Each structure stands twice: as structure tokens, then as C-alpha cells.
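*Asks:*
Numbering (the numbering used here), first residue to last: 104 to 697.
#1: Assuming residue 269 and residue 551 form a contact by the criterion Cβ under 8 Å, report the distance between their Cβ atoms to the nearest whole angstrom.
#2: Using 7 Å as the cut-off, classify the Cβ of residue 373 as near or not near the heavy atoms of the ligand NAP, replying yes or no.
#3: At what residue ranges does the region 461-522 contain a whole run of the beta strand (DSSP E), taking only runs of 3 or more?
#4: Drop a sphere of 10 angstroms on the beta-carbon of residue 699, count the other beta-carbons inside from all chains shown, and report buried for 16 or more, exposed for fewer.
#5: Kindly identify the DSSP beta-bridge partner or partners of residue 398.
#6: Look at the Cβ atom of residue 464, then the Cβ atom of residue 442, and state whether they are nearer than 8 Å.
#7: For residue 384, which three-state DSSP category applies?
#8: On the DSSP letters alone, give me the boundaries of the alpha helix (DSSP H) that residue 227 sits inside.
#9: Taking contact to mean at least 3 C-beta pairs separated by less than 8 Å, is the region 322-341 in contact with the region 292-301?
#10: Using the Cα positions of residue 491 and residue 282, report the straight-line distance between them to the nearest angstrom.
#11: Give the straight-line distance between the Cα atoms of residue 79 and residue 272, rounded to the nearest whole angstrom.
#12: Extract the residue ranges of the alpha helix (DSSP H) inside the region 595-635, only unbroken runs of 4 or more that lie entirely within it.
#13: Does the beta-carbon of residue 583 have 16 or more other beta-carbons within 10 angstroms, so that it is buried, or is it exposed?
#14: Helix, strand or coil for residue 671, going by three-state DSSP, please let me know.
#15: Under the rule that 16 or more other beta-carbon atoms within 10 Å means buried, what is residue 284, buried or exposed?
#16: By alpha-carbon positions, which one of 675, 628 and 561 ends up nearest to residue 665?
#17: Since residue 580 sits in a beta bridge, which residues does DSSP pair it with?
#18: Using 8 Å as the threshold, is the C-beta distance between residue 623 and residue 642 below it?
#19: Between residue 678 and the rest of its own chain, which residues show a CB-CB distance below 8 Å, the 5 nearest in sequence each way excluded?
#20: Taking the alpha-carbon positions, what's the residue 439 to residue 489 distance?
#21: Quick check: the region 304-311 against the region 567-586, are at least 3 beta-carbon pairs closer than 8 Å?
#22: So the beta strand (DSSP E) residue 370 belongs to, where does it begin and stop?
#23: Which one or two residues does DSSP pair with residue 651 in a beta bridge?
#24: Would you grab the beta carbon distance between residue 568 and residue 263 for me? Rounded to a whole angstrom, and I think it's under 8 Å.
#25: Have a look at the DSSP bridge pairing and note the partners of residue 317.
#26: List the whole-angstrom C-beta distance separating residue 455 from residue 570, where the pair is believed to meet the contact cut-off of C-beta under 8 Å.
#27: How big is the Cα-Cα spacing for residue 650 and residue 451?
#28: Can the beta-carbon of residue 274 be found closer than 8 Å to that of residue 227?
#29: Could you pull the start and end residues of the alpha helix (DSSP H) that residue 236 belongs to?
#30: Using the rule of at least 16 other Cβ atoms within 10 Å of the residue's Cβ for burial, across every protein chain shown, is residue 379 buried or exposed?
#31: So the candidates are 477, 559, 400 and 589; which of them puts its Cα closest to the Cα of residue 566?
#32: Who are residue 699's beta bridge partners in DSSP?
#33: Taking 8 Å as the cut-off, decide whether the C-beta atoms of residue 474 and residue 400 are in contact.
#34: Please list the terminal residues of the continuous alpha helix (DSSP H) segment that includes residue 266.
#35: Here's a check: name, in chain order, each residue in its chain whose Cβ is nearer than 6 Å to the Cβ of residue 487, leaving out the five neighbours to either side.
#36: Expressed to the nearest angstrom, what Euclidean distance is found between the alpha-carbon atoms of residue 265 and residue 482?
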């Protein structure tokens, strides 16, 4: 059973009074949460957070008195009670009596709740629906816990409220602690380490120490160093694509030097390209453990995917490191790293084209995170970094997972936010400017990333440049809607009439399933159809001028009457297809033509 430490020295709690409308007021997700916890589908921490929400929002009412702090686990009988309530074996009253016990003994901390972040986290992790999330937001607005001060969306007043104030936009507003206005200009920008259009990174300065790892020399024993941190991982920790002082461990050293002035802290980079957790465990056991470490940070995930390393084996390697640390006297922190496809980030075109081989990481990384509760019993801390770039409106990745100095600094800031409360007694919040000097915000862009808008009617709406990445748009209608420049990257368009129209120019349809859509005679000028399978389509009279066909499957079809002027079809499959007579100004570099 995981132990939960109450963060405040004194909790002001005595008892609970149950409102008459308790049964009607408790959101369904709370009851679901109780059931999930009872069956170990979620962690104890997530369950306690949900109950804190009930108390914080006065659905369960609390009278004030004083009780001392405690640190203990939730008793098994409370877990049984949660399961019984979830299956209607006991009443809400009996369940609340169990919760009253948790509050009285200090296991649930009311004052430490961060309600807005809590409900946003629950939405992001699919524990609650869009409707439940938005109902929570509305309640917090009524109680003035959330305030609306921005006029950033006033020029969208002709759009329905359910679209403008969708769950994706509210999550962005909460997580950025801002009035969040999305500026899409950065999605066309590209990053290259050294030379344009090349991922080659030999131009960067790399210095190795006598141990064969990147960075300055250091003494085997700490001597005048108060706290020594080793970072291990693959090339993303080593810092491919960055100078010596621009890797994330180097940025972490700079942040520590700036923020912690009363201690001498040393950050040592033991990242190695292509290493997996198996290599890292041996490295830690045979070398790092003898170098007087206080803390070892493991930053992993991508190489395990590329090496087809079983998720369970990765988890066991992390566990072995943490157990080794307990025996050898060092702490261990496990971090699951971000890749372009993780989270709700609106990707650049370059990030999209470089990310498709990493689709399996969505599943394996979730397996890692699901193991956190188990790992937390032996490790000092676990951290999920898959969403740290969600709302950063700048290019981040220059290939399938490497970042340059800007991205590395964000990683370092998030690492510091994890370790600072544990070792330095300070809370550090990561904040990022939403805009840059070169990009002034363009108000009026609908931002609905990850939102559930299924069954909605978008007829006649102005959706120009709208962002619907990863949104559920199934069973929707878009008759006469203006979708010029709109993005539907990885969106669910099942049974939507969006693609019934003739003009689909400049629409981003990356990775969309078009198997049941007729594209015959349609205008797809400037459309992005990367990674779309068109091999079964009749493209007679279809205009694909200026379109992006990166890795698009166009095999075995008749393209003789299809307009293909100025297309970008790198790595496209055109084998056994009948091409038009004129193919002027087309980029077929690395395309399969035979």
C-alpha cells in the first residue's frame, strides 16, 4: 500500500455534514474513481485527489477544528468500502463516513488541494469526460476560483460557446495559467542542428572526461561537493544536437547554480547514445555507484522503443536500480521522456513527418506510467514528462525525439521542479511564454486539441485555421463550414461529412483514415496527406497540386488524370501506378516509383 504524506503541519478538520442533495451532486466520475481504485485500476493518490475535490467543492461539507498531522496509508477497509459504494452495495452516507475517517486522521489534506489543476489532470488522463470537466470549470467560475479576464476570444463571438470554450482550450488555459491564445505560425518552422535540411550534428562541441562521458573532469569522491547528481539515459541525455553547455544536464547545473546558493551541487552527465535501461543498470552498478552519488536520475523511453525492449523488462531494470540505491545509499528518480506524439502538443510539420515510427511509444510509455505506483515503493520519485511540451508554441524536436538547447532547457526546468521540493525545500513552477517576439498572437483561432466534439453541428461556421488535432469529431456535420487552413491531425472523423465537400484545399489531414471517403474530382491543392493510404482510391480529376504526400501510399492506382504539380512526395509509394505525362517541379526524392 502506497503511503501518502500530508503536506501541511496542521489540518483543520473535525467532521463531515452530508448535504441533502449529496446523491444528486456527486459527479459520476467520483463514483467511477472509487470503483477504479477498489480494483487497482488507478492509484491510491488519484483516489484521494478525487475525494479532496469533493471536500474542496463543498459537495462534502467540512466543519473547522484542529487535528495533528499524520502520515499513514489508507486502510484496506476503506478501499473495500469504495468498491461497495461503486457497485451500490452501500449508500453514499456510509461511504462518506469512511471518508470522514480519512480526513480526521489526516490522510486527506483539504487545504493542499489544487482543484483546477486536479480536474484538468483528470481530463487529460481520461478519468473524466469533457462534459464533467467543463461542469467542474463552470462550478469553479461560479465560486470565483477561476476568473476570466481575457478578451482574447471576443472576436469569436459568432461561434457557439461549446466550441470556443471547449475542454481542450480550458485545459490549456489552466495548465499555462494564462488566457491562452493559440498562435499557429510556428508549425511551419523547422529545426536543423547544423545544416539546413540535414539532421547531421557534427558541428557541436563535445568534450569527454577521463571516464569516457560528456563533460568536465570530476573527482571520484565529492570532497567539497555537498550533493552529487548523475544523469543517465540515451542520446537525449548525452545531448545529441547541442553544445556541451546546452544539454539538459548542463542546463540543470546552470539552474541549480542560480537557484540553490547555499550548497555546492554537481550534475554529471553519464548519458550514452543508444543505451537502454539494461545498459544503464550495469553502468550504475559497476561504475556510478562507486563515484559517491547522492541522486541518480534515469531519463528513458525512446531507446527502449527503438530496441524493441519489452516494457516489463524496462520496469524491472528501473526497479533494480532503485533497490540498488537503497542498498548503496543513493536516491533514484525515474523519468519517462517525451516524444513528439505524446501529449496534446500541436506538432510542426517537421515533427509530424518525423514521428510516425514512434506510434508504439504511446502504448509502451503508458505501461511505464502505469507501473509508477509499484516503482514508488522502491524509488525516490517517478515522473511523467510526456506532456511537458504540450503548450510550448515553438519547434521542439528536430527528428523523432532529439531536442536542441531550447527544448533541453525545458526538460531541465521540469527536472528541477521535481527534485527541488525533495532536496532543496523549494517549490519551483515551470512557466513558459506563450509567444515570441517574432510571432504576435493571432486571436480568433479555435483551439480544440483533444476535445470530444462528437455529434456536434459545425454547419456554416467560420473554422478558418481551427486546430482539431486528436479531437473526436465523429458523427459531426460541417456543411458550408469554412475550414480553410484548419488542422485535423490524428482526429477521429468517423461518420463525419467533413470530407464530403469538393474543395479540401489547404486542409491538414495527416494520418487520417480516408478509406470510406471519395476523393474523385476533389480539390486537394496544398493539402497535407502525409501517411494517408490512398491506394484504393479513384483519383480521377483530383487536384493534388502543391500537396504534401510524405510517405503517402499511392501504389497501384491510375494517376494519369490527376494533377500532381509541385507536390512534395518524399518517401511516397508510387509503385505500379500510372503517372500523368507532366510531372514538372515535383519532389520525388526517395519515393518508391517501381
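Just so you know, even glycine gets a beta-carbon here, dropped at the ideal spot from N, CA and C.
Small disclaimer: the values here were computed from a predicted structure and weren't measured.
*Replies:* According to the structure data:
#1: 5 Å
#2: Among the components of this structure there are no ligands whatsoever, and the ligand NAP is therefore not found.
#3: 484-487
#4: Any answer about residue 699 is impossible in this case: the structure gives the chain only from 104 up to 697.
#5: 332 and 434
#6: Cβ distance < 8 Å, so residue 464 and residue 442 count as in contact.
#7: Residue state, collapsed to three classes: helix.
#8: Segment 218-227, the alpha helix (DSSP H) holding residue 227.
#9: no
#10: Straight-line Cα distance between these residues: approximately 19 Å.
#11: This structure leaves residue 79 out entirely; the chain is present only between 104 and 697.
#12: As far as the region 595-635 is concerned, it has no whole alpha helix (DSSP H) run of at least 4 residues.
#13: exposed
#14: strand
#15: buried
#16: 628
#17: 560
#18: yes
#19: 658, 659, 695, 696 and 697
#20: Spanning the two alpha carbons is a distance of roughly 7 Å.
#21: no
#22: 368-372
#23: 631 and 671
#24: With 8 Å as the limit, residue 568 and residue 263 do not qualify as a contact, their Cβ atoms being about 17 Å apart.
#25: Answer by DSSP bridge pairing, in chain order: 311.
#26: With a Cβ gap of about 13 Å, residue 455 and residue 570 do not count as contacting.
#27: 16 Å
#28: Contact check for residue 274 against residue 227 passes: the beta carbons are separated by less than 8 Å.
#29: 233-245
#30: buried
#31: 589
#32: The chain is shown from 104 up to 697; residue 699 falls before or after that span and cannot be answered.
#33: The answer is no: Cβ separation not under 8 Å.
#34: 264-267
#35: 439 and 472, listed in sequence order.
#36: 43 Å
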